[in-house]
Ligand SMILES: Nc1ncnc2c1ncn2[C@@H]1O[C@H](COP(=O)(O)OP(=O)(O)OP(=O)(O)O)[C@@H](O)[C@H]1O
Ligand SMILES: [Mg+2]
């Protein structure tokens, strides 16, 4: 870490389907602790980004410009993230070889694991265990992302006047956020980031990714159900939903909305459980010791409980700012608390430095 000067720390830019978030973090050289320098959000209209695909680039570019301007950000170097079907993450076993050898042969080795033409993807990898076992095998985490999507994000960022330095993956950003704030757990834990239209799942075993998956579900579904049931606009439905979930206990949620929230919660929880179970059945006998929730929709009343029931695991709402030093004269604690779950991905992105892996 000491290898890189402060100037190579990047801005985290999270282009979500409901809002864009931007963050700058500074790391203390001596004790490695993190401090929040900048955090801002701007809402996007519902059609600008759909399931991770940018439908309206101009709206997104303008929103990024406005946000960077408003937050008075001077740094240009950006870490952004992609997610969804265009990203394939797999743990694979390969014959023992050096990093350099793998770099040479990864295209060829990866081909059989990737459902796209190998020439259409960017490939990166991490050797997870190069100690080697008797069979002379090693475990590698393979990440393949469609060039088309990566290029699209890069040109958006350039158009907004910034430099796209690192393109990360949502699920890994959540993992980075988690590692900053929580001690590496020995056992199996699941990180479940529930955004507006995507749920990023990441199971960690001994602190390393064992499985990730993105499921196209999220907070939008609650809003759309309310919209349909009450015959109101999306914006009105969103207000009703979020207004009803204020932490003050006297907030009255109309019964009709409560019923919708709980029906959609059950659905989403079942889907989360099914995806997690798919992987857990591969490691029988190792229980999931905890599920950490983040993402804006994790605040939906009753959703955490529904996921707890479906998975049979203890649930914890993550605190993305848990170990980040915050100057309360610069940031309203109330605002940060309200937005903290939506900031989860952005925290992970803002931790990245140009040149690290
Ligand atoms: N207090 C709240 N109660 C319920 N839902 C909430 C609350 N606050 C935010 N949300 C929901 O969280 C979602 C936004 O979360 P987030 O910012 O993590 O998603 P995103 O990054 O924009 O979307 P995605 O990553 O899926 O593209 C919206 O659907 C919003 O309605
Ligand atoms: Mg998101």
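Residue numbers (this note's numbering): 951 to 1307.
The C-beta atom is built at its ideal place from N, Cα and C for all residues, glycine as well.
Since the structure is predicted, the reported quantities are computational estimates derived from the model, not experimental observations.
Would you kindly work out how many angstroms separate the C-alpha atoms of residue i and residue j, rounded to a whole number?
{"i": "residue 1116", "j": "residue 1166", "result": "24 Å"}
{"i": "residue 1168", "j": "residue 1242", "result": "16 Å"}
{"i": "residue 1098", "j": "residue 1026", "result": "23 Å"}
{"i": "residue 1190", "j": "residue 1170", "result": "13 Å"}
{"i": "residue 1088", "j": "residue 1161", "result": "17 Å"}
{"i": "residue 1209", "j": "residue 1305", "result": "49 Å"}
{"i": "residue 954", "j": "residue 1303", "result": "Reliability of the predicted coordinates at residue 954 is poor, the pLDDT of 45 falling under 50, and no value is obtained from them."}
{"i": "residue 1011", "j": "residue 1249", "result": "28 Å"}
{"i": "residue 940", "j": "residue 1163", "result": "The structure shown does not extend to residue 940, since the chain is modelled only from 951 through 1307, so no value can be given for it."}
{"i": "residue 989", "j": "residue 1273", "result": "16 Å"}
{"i": "residue 1312", "j": "residue 1017", "result": "Lying before the first or after the last residue shown, residue 1312 is absent from the chain, which here runs from 951 to 1307."}
{"i": "residue 1221", "j": "residue 1257", "result": "9 Å"}
{"i": "residue 1077", "j": "residue 1182", "result": "51 Å"}
{"i": "residue 1233", "j": "residue 1263", "result": "16 Å"}
{"i": "residue 1275", "j": "residue 958", "result": "20 Å"}
{"i": "residue 1146", "j": "residue 1079", "result": "35 Å"}
{"i": "residue 1057", "j": "residue 1051", "result": "11 Å"}
{"i": "residue 1102", "j": "residue 1039", "result": "20 Å"}
If residue i and residue j are in contact, beta carbons under 8 Å, what's the gap, nearest whole angstrom?
{"i": "residue 1270", "j": "residue 1293", "result": "5 Å"}
{"i": "residue 1070", "j": "residue 1096", "result": "6 Å"}
{"i": "residue 1113", "j": "residue 1028", "result": "6 Å"}
{"i": "residue 1007", "j": "residue 1106", "result": "6 Å"}
{"i": "residue 1034", "j": "residue 1299", "result": "In fact, because the Cβ distance is near 16 Å, the residues do not count as touching under 8 Å."}
{"i": "residue 1231", "j": "residue 1138", "result": "About 12 Å; that fails the 8 Å criterion."}
{"i": "residue 1123", "j": "residue 1094", "result": "The Cβ separation is near 17 Å, so there is no contact."}
{"i": "residue 1002", "j": "residue 1032", "result": "7 Å"}
{"i": "residue 1046", "j": "residue 1111", "result": "The Cβ separation is near 46 Å, so there is no contact."}
On the criterion of 16 or more Cβ atoms from any shown chain inside 10 Å, does residue i qualify as buried, or is it exposed?
{"i": "residue 1150", "result": "buried"}
{"i": "residue 1338", "result": "Since the first residue of the chain shown is 951 and the last is 1307, residue 1338 is not available in this structure."}
{"i": "residue 980", "result": "exposed"}
{"i": "residue 969", "result": "buried"}
{"i": "residue 1152", "result": "buried"}
{"i": "residue 964", "result": "buried"}
{"i": "residue 1193", "result": "exposed"}
{"i": "residue 1179", "result": "exposed"}
{"i": "residue 1156", "result": "exposed"}
{"i": "residue 1120", "result": "buried"}
{"i": "residue 1143", "result": "buried"}
{"i": "residue 1005", "result": "exposed"}
{"i": "residue 1278", "result": "exposed"}
Per the DSSP calculation, residue i is bridged to which residue(s)?
{"i": "residue 1037", "result": "1095"}
{"i": "residue 990", "result": "972"}
{"i": "residue 1089", "result": "1043, 1079"}
{"i": "residue 1071", "result": "1096"}
{"i": "residue 963", "result": "972, 1030"}
{"i": "residue 985", "result": "976, 1275"}
{"i": "residue 1303", "result": "959"}
{"i": "residue 1155", "result": "1138, 1158"}
{"i": "residue 1170", "result": "Per DSSP, none; premise fails for residue 1170."}
{"i": "residue 1165", "result": "1149"}
Any beta carbon from chain D within less than 8 Å of residue i's own beta carbon?
{"i": "residue 1171", "result": "Absent here is chain D; the protein component of the structure consists of one chain."}
Exercise for review: For the region 1223-1271, list the alpha helix (DSSP H) runs that are entirely contained and at least 4 residues long, ordered along the chain.
Suggested key: 1253-1261
Exercise for review: Starting from the N-terminal side, write out each stretch of the alpha helix (DSSP H) that is 4 residues or longer and does not extend beyond the region 1092-1153.
Suggested key: 1097-1109, 1120-1131
Practice item. Output the residue ranges of the beta strand (DSSP E) runs that lie fully inside the region 999-1062 and measure 3 residues or longer, sorted by chain position. Key: 1027-1032, 1037-1045
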